[in-house]
Every structure is written in structure tokens, then in C-alpha cells.
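So the sequence shown is numbered by the working numbering: it starts at 3 and just counts up by one. C-beta atoms are modelled at their ideal positions from N, C-alpha and C, and glycine is treated no differently. Values in this document were obtained by computation on a predicted structure and should not be read as measured data.
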Amino acid sequence: MITCSVSKTVTMMTKSIQLVAALFIFFGIALSGYAVAAGKWPWQRRIGSDVEIHHKQQHEERVKPEMWPTEPPSPDEINSAQFIAALRILCGHQRVGPERGQKFGAAILTNAATFEVDPFLVAGLIYDQSRCLPKQPPNETRRYGLSRIDVQMHAPHIRNQNYDYWIFENDEWVAKSLSVEKYPFNLWKAANPISNIYWTAAILRVFKEQQTSLATAFADAFQHKPHRHYVSHWFFGDNVQSSEPEDRVLTARRRLLEYYHDTQVASAGDYHGVPLVSPLDGVPRMVLDDFNRWRGKKRTGHRHMGMDFVSELDEPIRAVADGKVIFVGVDMPNAGSKRMTGEEATRFDPRKMGDGGRYVAIRHAEGLRTYYMHMDTIVAEDQTQIKAGEIIGTVGRSGSTHSGPHLHLEFRVDKDREDPAEYMQKVLVDPKRWSQTHAGVP
Ligand SMILES: [Zn+2]
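1) According to DSSP, is residue 1 helix, strand or coil?
2) May I ask which residues mark the beginning and end of the beta strand (DSSP E) holding residue 339?
3) So, with DSSP's three-state summary, where would you put residue 455?
4) Does the stretch 80-93 come into contact with the stretch 244-262, if we say contact requires no fewer than three beta-carbon pairs (one atom in each stretch) closer than 8 Å?
5) Could you tell me whether any non-hydrogen atom of ligand 1 is closer than 7 Å to the CB of residue 239?
6) When the distance is taken between beta carbons, is residue 238 closer than 8 Å to residue 124?
7) Is it buried or exposed for residue 51, if we count other Cβ within 10 angstroms and need 16 for buried?
8) Considering only the beta carbon of each residue, do residue 195 and residue 147 sit closer than 8 Å?
9) Note down, in chain order, each residue of its chain lying with its Cβ closer than 6 Å to the Cβ of residue 335, except the 5 sequence neighbours on either side.
10) Do residue 415 and residue 370 have their C-beta atoms within less than 8 Å of each other?
11) Measuring from the CB of residue 306, is there a heavy atom of ligand 1 at a distance below 7 Å?
12) So is residue 247 buried or exposed if we call it buried at 16+ other beta carbons inside 10 Å?
13) Per DSSP, what kind of secondary structure is residue 69 in: helix, strand or coil?
14) With a CB to CB cut of under 7 Å and the five nearest residues on each side skipped, what residues in its chain are close to residue 333?
15) Name, in chain order, the residues that DSSP records as bridge partners for residue 387.
16) Checking the sheet assignment: what are the DSSP bridge partners for residue 410?
17) For residue 457, collect the residues of the same chain with a Cβ closer than 7 Å to its Cβ; drop the 5 residues on either side in sequence, then sort them by chain order.
18) At a cut of 8 Å, does the stretch 413-433 reach the stretch 305-316 through at least three beta carbon pairs?
19) Can the beta-carbon of residue 380 be found closer than 8 Å to that of residue 347?
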């Protein structure tokens with residue numbers, strides 16, 4: 003049951019907070035983060051820590067929230083068996099077996115309904131944060147459980163089985179509270195999968211309620227970054243400092259929706275009449291780095307001969323068209339490649355590889371050959387026929403020592419390379435072309 007009790011407005015309380023703040027300033031006591039703008043929001047600011055960001059620089063330079071189209075809606079009526087099956091595809095059948103799938107899936111649906119948040123969002127967040135594995139990584143001491151709940155961030159706001167929060171209404175901060183009586187809030191309950199899912203849904207509900215208020219209060223704050231979804235606050239607390247984590251979660255959510263509707267092989271366009279599908283699920287997908295861009299220093303650098311997709315370790319990679327596998331193996335240092343089986347390539351020591359890492363090449367009609375590089379695992383086998391949309395392996399960072407996991411895709415025709423983005427605009431969010439068509443738009 004959800005109870006959002008509206009208390010009376012808090013002019014009195016604001017006054018006393020201002021008084022306290024004045025006393026702090028008078029005695030020269032600096033409260034980090036809070037003293038700066040005590041009059042602006044009447045609570046102890048929530049500050050996220052240990053936020054994982056994978057492509058900080060590229061993301062900051064290139065991506066604007068408005069480049070993304072509206073996110074697809076979740077179905078009104080959710081079939082729970084279908085949801086659980088989709089969740090297991092997203093998480094991976096080895097990690098989430100039938101029993102765990104049933105347990106996690108049912109808890110996500112129940113608690114998302116209780117707190118009126120989107121279960122596809124809850125699942126996307128859990129996948130992004132832990133790949134659905136409840137085991138706590140030994141080096142992670144601040145964020146707990148499937149969704150990595152930042153216990154220190156929320157603990158001061160949860161008292162007497164309520165999450166107390168504020169929203170800005172008619173020029174005043176109004177105190178609200180969300181009833182959260184099912185489990186106490188502590189490290190153990192955050193770590194336990196079932197209570198983690200309960201608290202994840204509850205905290206998302208609080209941020210959902212607060213999103214416009216937080217946008218108003220923190221718009222001018224230090225390091226504030228525009229974003230499009232309240233899930234950003236999950237990572238950063240009140241003041242969002244990057245929109246990369248929300249892009250990751252929403253991509254995982256789109257993947258889950260595709261698995262739910264069984265629409266994961268998305269038509270991407272065509273190469274001179276050869277039908278293409280997206281190599282990655284959860285379209286549209288963001289271009290991380292463009293074809294032909296100069297990399298490195300002026301004289302010692304090289305051109306980027308493919309396009310990079312923003313993607314995460316472990317995502318499935320699909321053949322973009324029908325064809326025949328013509329290479330499976332690894333790129334070796336100092337030119338040359340080593341042909342091997344998918345399994346051998348998967349086991350091969352990444353430290354002994356060249357820049358391309360583990361890769362697969364496929365020959366299609368119209369002289370097109372496609373190359374998929376930096377893979378983590380390979381399941382495709384050399385010299386076999388393959389269908390568009392068939393899984394060839396997973397995203398990794400093999401051979402790529404300077405960047406996080408991503409998919410590097412090349413289109414080769416004879417000795418030439420072409421820009422894959424030219425042919426797959428339908429499934430891309432492409433910052434370069436977006437900027438060209440939106441030139442002059444403030
Ligand atoms: Zn690349």
C-alpha cells in the first residue's frame with residue numbers, strides 16, 4: 003500500500019533551518035554540501051558515491067539528453083511468465099536460472115506495483131548495477147545488493163517506517179513521506195535480494211515524486227548535468243552529474259521490453275538492397291565514436307576505420323545480415339591474425355592480442371564484409387552460414403586497452419571501408435549527424 007501523506011507547509015520549519023544555518027555560519031562551521039545553499043532545500047543533501055561511468059569524456063563532449071527519442075512505454079497489463087522469461091534473457095540464463103528468475107521477477111512485479119513504478123525500469127537498473135547477481139563484490143563497500151543501494155545516502159531520510167522527502171509546490175517546500183514498513187533499512191536488507199527489490203522500488207518512487215522539484219532546486223548547482231529521467235538520482239542523489247548512467251539503464255530497459263515483446267532483432271535499413279538488422283538489442287543505440295575520425299596526435303595517429311557503439315560488457319552481438327562466417331579468432335600484435343575456434347578465442351589471453359582483440363568477420367551479398375571487434379566471448383564458428391540476427395558472441399574490451407567495453411563494427415568492401423552509420427541510421431542515436439541537423443538550435 004502506498005501512502006503519501008501531505009503535511010502542512012513548512013514556513014516555520016524553514017525559518018528554524020535558516021536559524022540553524024545562520025548559527026553554523028556564525029560559528030564558522032562548514033557543513034559540506036549543505037551550508038552552501040541551506041535556504042534552498044530544507045533537507046540534508048543526498049550525495050551519491052562510487053558512481054560507475056564508462057565513457058565519461060566522450061559522453062560529456064557528445065551526448066545531449068534531447069538526442070534520445072521518447073522511451074517506449076511499458077505494457078499496461080503485464081504477463082508475469084513473459085516478464086520472467088524476458089528478465090532471464092536480459093540477465094543471462096546461467097546467472098538467473100528458472101528458480102531465481104521466478105523469485106526476482108515476482109518480487110520486481112509486486113513491489114513495482116506497490117510503489118507505482120515501472121517494473122521494466124527496476125529490472126533495467128538491477129541488470130545495470132549487478133548483472134542480476136546478488137553476491138556483493140568485495141571492493142564495493144558503499145552500495146549494496148542487486149541494485150547497489152547507497153545506504154548512507156538514504157539512511158538519514160528513513161525514520162519511523164517512513165521515507166521523508168520534500169517537493170516544491172506553490173513556491174514552498176512541502177514535506178511528504180512514503181510509508182515503507184515492510185523491512186527495516188540497513189546494509190543487510192539492502193544486500194538481501196528480496197528486500198533490496200522492495201527498497202529499490204520505494205526509493206525510485208521517492209525520486210519519481212521529487213523529479214521536477216529537484217530539477218528546479220539543483221538546476222544551478224555545481225556540476226549539475228541535464229538529464230531526462232529520474233533514475234539519474236539513483237546514482238547521484240539530488241544533484242545529477244552525468245546522464246551516462248541513465249542512458250545505460252534505459253538501454254537495458256529497452257532490451258528487456260524487446261525480449262518481452264519478442265522484437266529483439268530490429269530492422270536497421272539496408273546495404274544496397276541487403277537487409278540489415280541492428281547488431282545490438284534495445285534500439286536505438288548511441289554511436290560512441292564515428293567512422294574515419296582522426297585518433298591520437300596529428301602525425302602519429304590513425305583514422306578510426308569503423309564505428310563504435312556505446313555498449314556494455316556481456317551484451318549479445320548479432321550478425322547484421324545473412325552471410326558466411328569467414329573469420330573467427332584474434333588480432334595479433336604487429337599485424338596478422340590468428341584463426342581459431344570460438345571457444346579457443348574466448349579463452350585466449352587478452353594481454354597477448356593486438357588492438358582488434360577477439361573478432362569475427364562475415365561475408366554478405368553485394369561484396370560486403372562485416373567485422374565485429376573487441377569481443378568478450380565468441381560463439382560463431384568459422385566457415386559456417388549465418389542468419390541476420392543470429393548471436394555471434396558478446397561485447398567486451400579485448401585488445402582495447404584505453405577504453406571501456408564497446409562494439410567496434412566495420413563495413414569492408416574489397417580494400418575499402420565504409421561508414422556503417424550511413425546504412426543503419428534507423429537504429430542509431432548519432433551525435434555527429436544530430437549536431438549537423440540541429441546546428442544553431444540552442
Ligand atoms: Zn572502434
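Considering the structure as presented:
1) Outside the displayed span of the chain (3 to 444) sits residue 1, for which this structure offers no information.
2) Mapped onto the sequence shown, residue 339 falls at position 337. Residue 339 -> beta strand (DSSP E) spans 339-341.
3) What the structure shows of the chain is the stretch from 3 to 444, and residue 455 is not part of that stretch, so it cannot be assessed.
4) Contact between the stretch 80-93 and the stretch 244-262 is present, with at least three C-beta pairs closer than 8 Å.
5) On the sequence shown, residue 239 is found 237 positions in, with the first residue counted as 1. Because no heavy atom of ligand 1 lies under 7 Å away, the Cβ of residue 239 does not count as near it: no.
6) Within the sequence shown, residue 124 is the residue found at index 122, counting from 1. Within the sequence shown, residue 238 is the residue found at index 236, counting from 1. Against a cut-off of 8 Å, the Cβ pair of residue 238 and residue 124 comes out as no contact.
7) Against the sequence shown, residue 51 aligns to sequence position 49. Around the Cβ of residue 51, a 10 Å sphere holds fewer than 16 other Cβ atoms; the residue is exposed.
8) Here residue 195 refers to the residue found at position 193 when the sequence shown is read from its first residue. Here residue 147 refers to the residue found at position 145 when the sequence shown is read from its first residue. Between residue 195 and residue 147, the gap from beta carbon to beta carbon is short of 8 Å.
9) Mapped onto the sequence shown, residue 335 falls at position 333. Hits under 6 Å: 356.
10) On the sequence shown, position 413 is the one that residue 415 refers to. On the sequence shown, position 368 is the one that residue 370 refers to. Yes, these two residues count as a Cβ contact at 8 Å.
11) Numbered from its first residue, the sequence shown carries residue 306 at position 304. For ligand 1, at least one heavy atom lies less than 7 Å from the Cβ of residue 306.
12) Along the sequence shown, read from residue 1 onward, the residue named residue 247 stands at position 245. If you draw a 10 Å sphere on the C-beta of residue 247, you find 16 or more other C-beta atoms in it, and that means buried.
13) What you label residue 69 is simply residue 67 of the sequence shown in a count that begins at 1. In the structure shown, residue 69 sits in a helix (DSSP, three-state: H, G or I).
14) Reading the sequence shown from its first residue, position 331 is the one you call residue 333. Excluding sequence positions up to five before and after residue 333, its CB lies within less than 7 Å of the CB of 339, 355, 356, 357, 358, 359, 361 and 401, all in the same chain and listed in chain order.
15) Locating residue 387 in the sequence shown gives position 385, where the first residue counts as 1. Looking at the DSSP output, residue 387 shares a beta bridge with 326.
16) By 1-based counting over the sequence shown, the position of residue 410 is 408. Beta-bridge pairing links residue 410 to 310 and 375.
17) Lying before the first or after the last residue shown, residue 457 is absent from the chain, which here runs from 3 to 444.
18) The stretch 413-433, when compared against the stretch 305-316, does touch it at the 8 Å Cβ threshold.
19) As a first step, residue 380 must be located in the sequence shown, where it is residue number 378. As a first step, residue 347 must be located in the sequence shown, where it is residue number 345. Residue 380 is a Cβ neighbour of residue 347, given a cutoff of 8 Å.
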